[in-house]
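Going line by line, the protein sequences match chains A, B, C and D.
In this text, residue positions in the first sequence follow my numbering: the first is 2, and each later residue adds one.
In this text, residue positions in the second sequence follow my numbering: the first is 2, and each later residue adds one.
In this text, residue positions in the third sequence follow my numbering: the first is 2, and each later residue adds one.
In this text, residue positions in the fourth sequence follow my numbering: the first is 2, and each later residue adds one.
Reviewing the structure listed below.
There are 4 protein chains.
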Amino acid sequence: MTTTTAMLDTNPQPIALDRRKLAATIDALTECAATCTSCADACLGEDMVADLTTCIGRNLTCADVCGTAARVLSRHNGYDATIIAAVLQACIAACRACGDECARHAGMHEHCRLCAESCRACLQACEDLLNTVSA
Amino acid sequence: MTTTTAMLDTNPQPIALDRRKLAATIDALTECAATCTSCADACLGEDMVADLTTCIGRNLTCADVCGTAARVLSRHNGYDATIIAAVLQACIAACRACGDECARHAGMHEHCRLCAESCRACLQACEDLLNTVSA
Amino acid sequence: MTTTTAMLDTNPQPIALDRRKLAATIDALTECAATCTSCADACLGEDMVADLTTCIGRNLTCADVCGTAARVLSRHNGYDATIIAAVLQACIAACRACGDECARHAGMHEHCRLCAESCRACLQACEDLLNTVSA
Amino acid sequence: MTTTTAMLDTNPQPIALDRRKLAATIDALTECAATCTSCADACLGEDMVADLTTCIGRNLTCADVCGTAARVLSRHNGYDATIIAAVLQACIAACRACGDECARHAGMHEHCRLCAESCRACLQACEDLLNTVSA
Numbered sequence: 002m003t004t005t006t007a008m009l010d011t012n013p014q015p016i017a018l019d020r021r022k023l024a025a026t027i028d029a030l031t032e033c034a035a036t037c038t039s040c041a042d043a044c045l046g047e048d049m050v051a052d053l054t055t056c057i058g059r060n061l062t063c064a065d066v067c068g069t070a071a072r073v074l075s076r077h078n079g080y081d082a083t084i085i086a087a088v089l090q091a092c093i094a095a096c097r098a099c100g101d102e103c104a105r106h107a108g109m110h111e112h113c114r115l116c117a118e119s120c121r122a123c124l125q126a127c128e129d130l131l132n133t134v135s136a
Numbered sequence: 002m003t004t005t006t007a008m009l010d011t012n013p014q015p016i017a018l019d020r021r022k023l024a025a026t027i028d029a030l031t032e033c034a035a036t037c038t039s040c041a042d043a044c045l046g047e048d049m050v051a052d053l054t055t056c057i058g059r060n061l062t063c064a065d066v067c068g069t070a071a072r073v074l075s076r077h078n079g080y081d082a083t084i085i086a087a088v089l090q091a092c093i094a095a096c097r098a099c100g101d102e103c104a105r106h107a108g109m110h111e112h113c114r115l116c117a118e119s120c121r122a123c124l125q126a127c128e129d130l131l132n133t134v135s136a
Numbered sequence: 002m003t004t005t006t007a008m009l010d011t012n013p014q015p016i017a018l019d020r021r022k023l024a025a026t027i028d029a030l031t032e033c034a035a036t037c038t039s040c041a042d043a044c045l046g047e048d049m050v051a052d053l054t055t056c057i058g059r060n061l062t063c064a065d066v067c068g069t070a071a072r073v074l075s076r077h078n079g080y081d082a083t084i085i086a087a088v089l090q091a092c093i094a095a096c097r098a099c100g101d102e103c104a105r106h107a108g109m110h111e112h113c114r115l116c117a118e119s120c121r122a123c124l125q126a127c128e129d130l131l132n133t134v135s136a
Numbered sequence: 002m003t004t005t006t007a008m009l010d011t012n013p014q015p016i017a018l019d020r021r022k023l024a025a026t027i028d029a030l031t032e033c034a035a036t037c038t039s040c041a042d043a044c045l046g047e048d049m050v051a052d053l054t055t056c057i058g059r060n061l062t063c064a065d066v067c068g069t070a071a072r073v074l075s076r077h078n079g080y081d082a083t084i085i086a087a088v089l090q091a092c093i094a095a096c097r098a099c100g101d102e103c104a105r106h107a108g109m110h111e112h113c114r115l116c117a118e119s120c121r122a123c124l125q126a127c128e129d130l131l132n133t134v135s136a
């Protein structure tokens, strides 16, 4: 998503966060949310779906949490550092739980391998940005 | 929403949280999300919209965070206490920031007064439930 | 949700739709979205989950479509009748597909019976409101 | 988002839609939703916010509708052509209304110019995909 930075740069509000890290995190969250939504559906279509219900539940929750975080991080009116830090913590928890579970199925299901990768990348981006919020 | 409890009671998964508090929190989150969405639109339609941009930004964020939390709390497959605690913390932060800002306009705008009330009730429900998650 | 009407009545924008039907539809959409989210999770937790994957997919889609519609219908700035009609049509299609599928499992799973009921009620509310939009 | 095609290709379910057009539409919807969310916040931060309330309302609605459509199109369990067609129609209506309004402010606000472009591209992708659904 190449427009994230352009939209940030044309926003008239002061941006309280590091712009480069903010844009990278929004993009990672958006991709993670999309990948988790797809992984939930792919798991649901597997013959062994009964073994993937924990994975599906975590995919759906990670998609919801990261999708919402991308929207929240894109909003600079009414910015509140406490909200941002808490939302990033929720993403870190959701990405860890989902990424760990997907990693267990990565050898068998390529969609889980890709999703585990998205979750790890997103978790890392959220931690990088969170370090600058707390500072 | 009288169906929240009925849906919880017919879910075959074990429910890790206090059912009464869980249902009360889901309902409070759902109502808060709806009220914040409406308050954002009502503020946007006021003549003095330029004085309400912080309020609108926080309304939109509180609606996103609480709406997502209601979905996450309704999911028991792949339950993870760390995610639940972090999501509730995000709601508490969002409800506090939005409720405080709405309260500043409550004397002038009835929609802000109603929204501040929804935020306070939701914050209280989230704290009550969070106390049982940490336990 | 008793606050829907109060929030509508304190919105300074002109409301293009019948207020009573609009509030009833927003409430029906909100409840349907919540019930479908819960039904998806309940189905995922059943031993016979492999027979419920169509139901889960439709639950998730109906939850997404109806949840978004409740937000869209709560917004009166930038009102556009073509969007409202199309969104209501999408809800009608999603509620019909999900309600029909849930009805097939209603004898076996109480959550599907409750969800089929929510979908039917929501479909009816959307059709009632749509009739006034097209008029 | 380069993972959209990879996730589609690893989904075990039959895909009822043209894969190339489907992936392009999901990516266009995801970008449009993100751009509209950012444009709403940028408009809210402008000194002339009172002249941009229609734009903000349509941005928020277009973001909701397109974000939901990206999720719905990523789901192949419980696929229903009537839902897909109705959801694409809702996106087309939302992108047209939002794109037209943003275009009116494009000379003054670069974020509106970028958003109008995203809306047009998304509208085109949705129409291309819809043509294959109706067929």
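Backbone N, C-alpha and C fix where the C-beta goes; we use that ideal spot for every residue, glycine too.
A quick note: this is a predicted structure, and the numbers were derived from the prediction, not measured.
* To do: Would you verify that the beta carbon of residue 36 of chain D is, or is not, closer than 9 Å to some beta carbon of chain B?
  => no
* What residues in the region 2-30 of chain C have a beta carbon less than 8 Å from any beta carbon of chain B? -> 2, 4, 5, 7, 8, 9, 11, 12, 13, 14 and 27
* Proximity winner among B/95, B/85 and B/30, relative to residue 94 of chain A (alpha-carbon distances) -> B/85
* **Test item: CB-CB of residue 46 of chain D and residue 42 of chain B under 9 Å** => no
* Contact the region 26-39 of chain B vs the region 121-131 of chain B: 3+ CB pairs below 8 Å -> yes
* Drop a sphere of 10 angstroms on the beta-carbon of residue 17 of chain D, count the other beta-carbons inside from all chains shown, and report buried for 16 or more, exposed for fewer. => exposed
* Please confirm if residue 108 of chain A has its CB atom under 9 Å from at least one CB of chain D. => no
* **residue 134 of chain D at chain C interface by Cβ criterion, 9 Å** => no
* Asked: So which residues of chain D does residue 44 of chain C contact, with C-beta pairs closer than 8 Å?
  -> Per Cβ cutoff of 8 Å: no residues; residue 44 of chain C is ~11 Å from chain D at best.
* To do: Would you tell me roughly how many angstroms separate the C-alpha atoms of residue 39 of chain A and residue 9 of chain D, rounded to the nearest one?
  => 8 Å
* residue 54 of chain A touches chain C at which residues, Cβ-Cβ below 9 Å? -> 45, 46 and 50
* **Per-residue contacts from residue 60 of chain D into chain A (C-beta, under 8 Å)** => Result: empty, since nearest Cβ-Cβ is about 11 Å, beyond 8 Å.
* Within-9 Å CB hit, residue 41 of chain C to chain A -> yes
* Taking just the CA atoms, how far does residue 106 of chain B sit from residue 66 of chain D? -> 30 Å
* Select from D/7, D/13, D/132 and D/26 the residue whose C-alpha is nearest the C-alpha of residue 72 of chain D. => D/26
* Using beta-carbon positions only, say whether residue 77 of chain C and residue 12 of chain C come within less than 9 Å of one another. => yes
* Asked: Cβ atoms of residue 61 of chain A and residue 154 of chain D: under 9 Å apart, would you say?
  -> The requested residue 154 of chain D is not part of the displayed model; chain D covers only 2 to 136.
* Does the beta-carbon of residue 48 of chain B have 16 or more other beta-carbons within 10 angstroms, so that it is buried, or is it exposed? -> exposed
* To do: Could you check the C-alpha separation between residue 21 of chain C and residue 87 of chain B for me, to the nearest Å?
  => 38 Å
* Asked: So residue 56 of chain C and residue 37 of chain C are in contact, right, with Cβ under 8 Å, and what is the actual spacing, rounded?
  -> Rounded, the Cβ-Cβ distance is 10 Å, inconsistent with contact.
* **residue 122 of chain A: contacting residues in chain D (beta-carbon distance under 8 Å)** => In chain order: nothing, as chain D lies at least about 10 Å away.
* Measure the alpha-carbon distance for residue 101 of chain C versus residue 52 of chain C and round it to whole angstroms. => 15 Å
* Asked: Helix or strand or just coil, what does DSSP make of residue 45 of chain A?
  -> helix
* To do: Taking all protein chains shown into account, decide if residue 108 of chain D is buried (16 or more other Cβ within 10 angstroms of its Cβ) or exposed.
  => exposed
* Asked: Among D/74, D/7, D/83 and D/6, which has the Cα closest to the Cα of residue 97 of chain C?
  -> D/83
* DSSP state of residue 11 of chain A, grouped into three classes? -> coil
* To do: Please report the Cβ distance between residue 23 of chain C and residue 74 of chain C, rounded to the nearest whole angstrom; I am assuming they are in contact, meaning their Cβ atoms lie under 8 Å.
  => 6 Å
* Quick one, which of D/81, D/112, D/129 and D/6 has its alpha-carbon nearest residue 63 of chain C's? -> D/81
* Neighbour flag for residue 85 of chain D against chain B, beta carbons, 9 Å -> no
* **Presumed contact (8 Å Cβ cut-off) between residue 117 of chain B and residue 127 of chain B, rounded CB distance** => Rounded, the Cβ-Cβ distance is 16 Å, inconsistent with contact.
* Residue interval of the alpha helix (DSSP H) (run including residue 55 of chain D) -> 54-74
* Pick from C/54, C/14 and C/130: whose alpha carbon is nearest that of residue 99 of chain C? -> C/54
* Contact set between residue 57 of chain A and chain C, taken where Cβ atoms lie within less than 7 Å -> 45
* Asked: By how many angstroms is the C-alpha of residue 7 of chain A removed from the C-alpha of residue 111 of chain D?
  -> 9 Å
* To do: Compare the C-beta of residue 113 of chain D against all C-beta atoms of chain C and say whether one is closer than 9 Å.
  => no
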